[in-house]
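> Take the sequence shown: its position 80, counted from the start at 1, is 199 in the working numbering, and no numbers get skipped.
After the structure tokens below, expect a handful of questions from me.
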Amino acid sequence: GMNRLLLDTALSQEQHEYALTVQHSAEALLDLINNILDFSKIEAGKLELEIINFNLLRMLENTVDLMAHKAYEKGLEITVDLDDELPNYLTGDPSRIRQILINFISNAIKFTEVGEIVLRVERFPLPATAPSPHNGMGEGQAAFMVRFSVSDTGVGIPAGKETMIFEHFTQADSSTTRKYGGTGLGLAISRQLAELMGGGIGVD
120 GMNRLLLDTA
130 LSQEQHEYAL
140 TVQHSAEALL
150 DLINNILDFS
160 KIEAGKLELE
170 IINFNLLRML
180 ENTVDLMAHK
190 AYEKGLEITV
200 DLDDELPNYL
210 TGDPSRIRQI
220 LINFISNAIK
230 FTEVGEIVLR
240 VERFPLPATA
250 PSPHNGMGEG
260 QAAFMVRFSV
270 SDTGVGIPAG
280 KETMIFEHFT
290 QADSSTTRKY
300 GGTGLGLAIS
310 RQLAELMGGG
320 IGVD
């Protein structure tokens, strides 16, 4: 918005830091509002998916573009590793997939001080016992699974806390909240969105 335009003008170092703080605060507030709205819809069973055919590469590029400035501010690089076996188009809800990826990439940036963040997208055969409500690429094409993963060179998750981070209003420990901020809603909502789309979320 206007504050981002302000950051692109000739500011003193002090003014730039103030404007950057305003930008980060506004983004955090918007994320909080959106997460609370989504949480309320999910709890009420009123969140609906928009299942359409979408361009995978375009969606990934848009996702990375949205997060690039945050990574740049910390001197981090976001790279995309795309499976050659993936088609150009997928069937699903691109807005909700993007929301999940943004939550994961945002967390990776938040907890990484040096190094890189890798967004990897891979194709896997669909298990014989698995339902395929949102997979299918058109008549005559076999359904398959797509796995999106985000890895980073950050602090990691303490042993035994891997599943806790997907609970509502929960973070790995209290020191995480004090140091990095956050409400503990983003990953919990991501898990619920993934499940609504017939998928799941986990930590390696």
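Every residue, glycine too, gets a C-beta built ideally from N, C-alpha and C.
Helix, strand or coil for Leu-238 per DSSP?
Strand.
> Compare the C-alpha of Leu-198 against each of Leu-304, Val-322, Asn-226, Ser-270 and name the closest.
Position check: residue 198 holds Thr in this sequence, whereas Leu was assumed. Taking only the C-alpha atoms, the option nearest Thr-198 is Ser-270.
> If Asn-207 sits next to Leu-175, beta carbons under 8 Å apart, how far is it from one beta carbon to the other, in whole angstroms?
Right, the Cβ-Cβ distance comes to about 6 Å (below 8 Å), so this counts as a contact.
> On the three-state DSSP scale, how would you describe Ser-131?
Three-state DSSP puts Ser-131 in coil, outside helix and strand.
> Alpha carbon to alpha carbon, how far is Asp-203 from Ala-129?
Near 44 Å, if we compare the C-alpha coordinates of Ala-129 and Asp-203.
> Could you say which of Asn-172, His-188, Ser-159, Lys-160 lies nearest to Ile-224 if we only look at CA atoms?
Per the Cα distances, His-188.
> Using the three-state DSSP reduction, which class does Asn-174 fall into: helix, strand or coil?
Of the three classes helix, strand and coil, the one that applies to Asn-174 here is strand, per DSSP.
> Could you check whether Ile-161 and Asp-212 sit closer than 7 Å to each other, using their CB atoms as the reference points?
Not in contact: Asp-212 and Ile-161 (Cβ atoms no closer than 7 Å).
> Between the alpha carbons of Gln-132 and Leu-124, how many angstroms are there, rounded?
So the alpha carbons of these two residues sit roughly 16 Å apart.
> What span of residues does the beta strand (DSSP E) with Gly-211 cover, start to end?
Run containing Gly-211: 208-211, per the beta strand (DSSP E) assignment.
> Could you round the C-beta distance between Leu-201 and Val-237 to whole angstroms and report it? I think they count as a contact, below 8 Å.
With a Cβ gap of about 11 Å, Leu-201 and Val-237 do not count as contacting.
> Is Asn-181 closer than 7 Å to Thr-210 when the C-beta atoms are compared?
Going by C-beta atoms, Thr-210 is not nearer than 7 Å to Asn-181.
> Helix, strand or coil: which one does DSSP assign to Val-223?
Checking the displayed sequence, the identity of residue 223 turns out to be Phe instead of Val. In the structure shown, Phe-223 sits in a helix (DSSP, three-state: H, G or I).
> Can the beta-carbon of Thr-272 be found closer than 7 Å to that of Gly-234?
A contact, by the Cβ cut-off of 7 Å.
> Roughly how many angstroms lie between the CA atoms of Ala-227 and Phe-267, to the nearest whole one?
Distance between the alpha carbons of Ala-227 and Phe-267: 14 Å.
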